[in-house]
Amino acid sequence: MKELKKYLKKLVKSPVLVVSHESPDGDAIGSSISMGYLLKELGFNPIVVNKERVPAKYIFLEKDIQIKCIDDLQEADKLEKYNVFVMDSAKIDRIGFSLSEIFPNHENIVNIDHHVSNDYFGTRNFVFPNMSATSEIIGSVFLDMFGFIPKDAATAIYTGVMTDTGNLTYESTTSATVALVSILLEMKADFNAMRKSVYENESIGQMYGLKTILNNMDITMDGFVAYTYLPYDITVSNDLTAGDIENYVDYPKKVSSCEVAILFKEFIKDEIRVSIRTKGIVDANKLASVFGGGGHKRAAGFRIRKPMDQSMKFALNRIVEGLKNNEWNN
Numbered sequence: 379m380k381e382l383k384k385y386l387k388k389l390v391k392s393p394v395l396v397v398s399h400e401s402p403d404g405d406a407i408g409s410s411i412s413m414g415y416l417l418k419e420l421g422f423n424p425i426v427v428n429k430e431r432v433p434a435k436y437i438f439l440e441k442d443i444q445i446k447c448i449d450d451l452q453e454a455d456k457l458e459k460y461n462v463f464v465m466d467s468a469k470i471d472r473i474g475f476s477l478s479e480i481f482p483n484h485e486n487i488v489n490i491d492h493h494v495s496n497d498y499f500g501t502r503n504f505v506f507p508n509m510s511a512t513s514e515i516i517g518s519v520f521l522d523m524f525g526f527i528p529k530d531a532a533t534a535i536y537t538g539v540m541t542d543t544g545n546l547t548y549e550s551t552t553s554a555t556v557a558l559v560s561i562l563l564e565m566k567a568d569f570n571a572m573r574k575s576v577y578e579n580e581s582i583g584q585m586y587g588l589k590t591i592l593n594n595m596d597i598t599m600d601g602f603v604a605y606t607y608l609p610y611d612i613t614v615s616n617d618l619t620a621g622d623i624e625n626y627v628d629y630p631k632k633v634s635s636c637e638v639a640i641l642f643k644e645f646i647k648d649e650i651r652v653s654i655r656t657k658g659i660v661d662a663n664k665l666a667s668v669f670g671g672g673g674h675k676r677a678a679g680f681r682i683r684k685p686m687d688q689s690m691k692f693a694l695n696r697i698v699e700g701l702k703n704n705e706w707n708n
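First residue of the sequence shown? That's 379 in my numbering, and the numbers climb one at a time after it.
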C-alpha cells in the first residue's frame, strides 16, 4: 500500500484515464468513481470510462464523477497520452476492449486490483489479494493520504465494499474492512441511497429473470452442486444486463447441501458466461482457471463459446469429474 501512495504522490500531472472491467459490478463502479475523486484531490482531471453503460442500480453514484461509455467518447478524448488506471480487473482483456485500439497514445497502465488471479499486466502493479474489494484499497489510500474522504467518494467506496463482501458476510471481510465501513459512515456515506438503489430497486424484467433461474434450477452430486441457467431469449426479451443479474448465482448457493453454485447466463448468442460460488471446501478460483477464468476463492467465473446446452454439459461433466478427484479443494 505504501508503494501505491508513493507512486500517486510522485505522479506527474498528465491526462489520466480510469477504466474497469466490462459488465461492471458494484466494486468496479465504486472503485472507478472513488479513484476519480482521489485523482481530483491530487489535482488531476480524470476521465472515467467503461465499455458499457452504468447499470441502473449504480447510477446514483454518479455525481461530480461520471462514467462515460466507450461509444460516447469524442475522438479527441481517445487521442490523449493517458496514464491508464485499470481497476478491479484480473486480466487486461477483462475491460472488454483493446486499449491500444481505442486509446492508441496511452503511455502507462497502472493495475489496481484485489483478485488472487491477477496476472500483473500493468506497467505498474498494485495488487492486494488480502483486501476484500478494490474499493477498500482506494478507501485506505484516501484516508492515508488525506485523512478524509468526500461524501460522494465515501458512498462509492461503501457500495463497492458492501456489494463485494456480501454486506460484510464473506470470508474476505477483515477487521480492517469493518473499520473502514465505520469510518465511511462517519464520512457521511449515503448508506440509505445505496440500500434503496442496489437492494430495493428490481425491475419487472429482473423479477422475471429470477423466476426463470428458479424454475431452471437443478442439482447433481446429491446436491453438492446446484446450478441454473438464464438463456438468451430471456435476457433479450427482458432487457437484462450483467449488472441486473449479478446476484442470481446466490440462489442456487442457498441450497443447504450445496458447496458449488453455478449460474450459466447468455447475453450474446452462444457465448455463455459462467459464475461460480463456493461455500468453504472448494476453491472457486482454481476451478474457474481450468476453463481459462479466475477470480477469488469463493467467487469466480469463466466463459464458454458454445450453445447453452453444449456449454452446460461440457462444464458440468468437467466440474463433477474434478470434484470427485478433489482437484480444487482448499
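Note that CB positions come from ideal geometry on N, CA and C, so glycine has one too. Values in this document were obtained by computation on a predicted structure and should not be read as measured data.
If you compare the alpha carbons of Ile-654, Ser-398, Ala-662 and Ser-550 with that of Ser-467, the shortest gap goes to Ser-398. Look at Phe-524 here: in three-state DSSP terms it is helix. Separation of the CB atoms of Asn-663 and Gly-670 is rounded to 12 Å, and the pair is thereby denied contact status at 8 Å.
DSSP, read as helix, strand or coil, puts Val-614 in helix. A distance below 8 Å between beta-carbons, with the five flanking residues on each side excluded, links Val-427 to the following residues of its chain, in chain order: Leu-395, Val-396, Val-397, Ile-445, Lys-446, Cys-447, Ile-448 and Leu-451.
Counting only runs of at least 4 residues, the stretch 538–601 fully encloses the following alpha helix (DSSP H) elements, listed from N- to C-terminal order: 553–564, 569–572 and 582–593. Boundaries of the beta strand (DSSP E) around Val-603: 603–608. When the alpha-carbon of Ile-470 is set against those of Tyr-436, Ile-487, Asn-707 and Ile-407, the nearest one is in Ile-487.
Bounds of any beta strand (DSSP E) do not take in Ser-478; it lies within the alpha helix (DSSP H) bounded by 477–480. Note on the stretch 448–494: whole beta strand (DSSP E) runs with a minimum of 3 residues are 461–465 and 486–491, in chain order. Under the three-state reduction of DSSP, Arg-696 is assigned to helix. Here Thr-613 is buried. Its C-beta has 16 or more other C-beta atoms within 10 Å.
Beta-bridge partners of Thr-656 (DSSP): Val-638.
Leaving aside the five residues that flank Ser-518 on each side, the residues in its chain whose CB is nearer than 7 Å to its CB run, in chain order, Met-379 and Leu-558.
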